[in-house]
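J.: In this note's numbering, the protein residues as written are 13 to 278. This is the structure I have questions about; it appears just below.
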């Protein structure tokens with residue numbers, strides 16, 4: 013795998029994921045000195061071969077991805093959850109808990125990992141919306157797997173299109189498409205749904221749209237929180253300052269501005 017340009021540590025991690033998923037062979041088995049059988053080696057060889065053929069992400073091969081303590085079903089119809097999004101959800105849960113929020117709208121829910129994780133860790137009810145019917149089918153599978161039905165619910169909607177005027181939320185959260193159209197991606201990322209990756213206006217189109225419409229669907233003092241693309245923080249902050257106060261930015265472990273949040277101006 014390293015000969016194909018995959019980092020050595022990442023390759024080892026992926027081999028362990030494949031072994032555990034397809035052969036039920038874990039690190040515990042390794043510690044106990046249990047040997048991998050020839051049949052297991054053949055199975056993993058076949059999966060690695062498929063992985064390298066067109067650089068399909070290992071999460072799509074095994075059909076699931078780990079996110080904040082749970083395994084979520086993923087298919088090529090949804091983005092693979094990433095550690096950057098854990099920072100977004102952790103901050104959202106912190107705000108929800110501190111201010112005792114009750115209702116959350118998750119825009120561009122994809123696999124439903126944000127909606128489900130918030131519902132699982134707070135007392136809120138979460139509505140996740142997405143323009144993709146195929147993505148929503150994945151989200152519905154995940155909410156059922158986690159036994160969160162009626163705590164996290166889903167609806168097909170292009171942003172706020174199917175949100176009724178009388179529906180109000182204490183928080184709107186989104187990890188929107190934010191990669192500028194035309195950006196060259198790593199081979200693995202090319203397998204993920206383009207509609208969930210790319211945005212016009214140098215990646216800012218969806219931020220602008222969500223910020224301008226969000227006040228109509230937020231309760232008094234409601235919150236808006238986003239994941240950010242690299243280099244987009246100040247532009248998104250400028251959008252938010254028109255409608256929101258106390259706008260703050262959080263950096264990730266790499267020092268990149270990764271999350272922005274603010275409270276609706278009363």
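Even glycine gets a Cβ: it sits at the ideal position worked out from N, Cα and C. The model shown is predicted, which means the values in this text are computed figures rather than measured ones.
Looking at residue 226 and the ligand NAP, is the gap between the Cβ and the nearest heavy atom below 7 angstroms?
T.: The model on display carries no ligand, and the ligand NAP is accordingly not part of it.
J.: Take the Cβ of residue 184 as the centre, count every other Cβ of all protein chains shown within 10 Å, and call the residue buried at 16 or more, exposed below.
T.: Buried: at least 16 other Cβ atoms inside 10 Å.
J.: Determine the closest residue to residue 194 out of 214, 187, 178, with distance taken between C-alpha atoms.
T.: Comparing Cα-Cα distances from residue 194 to each of 214, 187, 178, the minimum goes to 214.
J.: If you reduce the DSSP assignment to three classes, tell me which class residue 190 lands in.
T.: Reduced to three states, the DSSP call for residue 190 is coil.
J.: Per the DSSP calculation, residue 116 is bridged to which residue(s)?
T.: 138, 183.
J.: Is it the case that the Cβ atoms of residue 88 and residue 205 are separated by a distance below 8 angstroms?
T.: Yes, the Cβ-Cβ distance between residue 88 and residue 205 is below 8 angstroms.
J.: Restricting to Cα atoms, I'd like to know which of 156, 30, 41, 46 is closest to residue 56.
T.: Checking every option, the nearest Cα to that of residue 56 belongs to 30.
J.: Which term fits residue 125, buried or exposed, when burial requires 16 or more other beta carbons within 10 angstroms of its beta carbon?
T.: Per the 10 Å Cβ criterion, buried.
J.: Based on DSSP bridge pairs, tell me the residues matched to residue 261.
T.: Bridge partners of residue 261: 272.
J.: Here's a check: name, in chain order, each residue in its chain whose Cβ is nearer than 6 angstroms to the Cβ of residue 143, leaving out the five neighbours to either side.
T.: If we look at residue 143 and ignore the five residues flanking it on each side, its Cβ neighbours are 170.
J.: In three-state DSSP terms, what is residue 67?
T.: If DSSP states are grouped into helix, strand and coil, residue 67 belongs with coil.
J.: Where in the stretch 35-105 do unbroken runs of the alpha helix (DSSP H), each at least 4 residues long, occur, reported from the N-terminal end onward?
T.: Whole alpha helix (DSSP H) segments, 4+ residues: 39-43, 50-66, 70-74.
J.: Report the three-state DSSP secondary structure of residue 18 (helix, strand or coil).
T.: DSSP places residue 18 in coil when its eight states are reduced to three.
J.: Where does residue 174 fall in DSSP's three states?
T.: In the structure shown, residue 174 sits in coil (DSSP, three-state: anything other than H, G, I, E or B).
J.: Taking the DSSP output, what are the residues bridged to residue 168?
T.: In DSSP, residue 168 forms a bridge with 142.
J.: Going by Cα to Cα distance, which pick from 49, 28, 50 is closest to residue 40?
T.: It is 28.
J.: Provide the residue span of the beta strand (DSSP E) that contains residue 239, from first to last.
T.: From DSSP, the beta strand (DSSP E) with residue 239 extends over 230-239.
J.: Should residue 254 go down as buried or exposed, given a rule of 16 or more other Cβ atoms within 10 Å for buried?
T.: Result: exposed.
J.: Rank 76, 228, 219 by C-alpha distance to the C-alpha of residue 273 and give the top, closest one.
T.: Of the candidates 76, 228, 219, the one whose C-alpha sits nearest the C-alpha of residue 273 is 219.
J.: Just checking, does the stretch 97-112 make contact with the stretch 156-164 on the three C-beta pairs under 8 angstroms criterion?
T.: No: fewer than three Cβ pairs fall under 8 angstroms.
J.: Measure the beta-carbon distance from residue 98 to residue 239 and round it to whole angstroms, keeping in mind my assumption that it falls under 8 angstroms.
T.: Contact doesn't hold; Cβ gap of about 10 angstroms is too wide.
J.: Give the C-beta separation of residue 191 and residue 241 to the nearest angstrom, bearing in mind that I take them to be a contact with Cβ-Cβ under 8 angstroms.
T.: About 6 angstroms; that satisfies the 8 angstroms criterion.
J.: Flag this pair as yes or no: are the beta carbons of residue 139 and residue 160 separated by less than 8 angstroms?
T.: No.
J.: For my contact list, residue 216 and residue 186 are in at a C-beta cut-off of 8 angstroms; report their separation, rounded to the angstrom.
T.: The Cβ separation is near 13 angstroms, so there is no contact.
J.: Taking the alpha-carbon of residue 202 as reference, which of 147, 45, 60, 69 has the nearest alpha-carbon?
T.: When only C-alpha atoms are compared, the closest one is 69.
J.: What does DSSP give as the partner residue(s) for residue 251 in the beta ladder?
T.: Its beta-bridge partners do not exist; DSSP assigns none.
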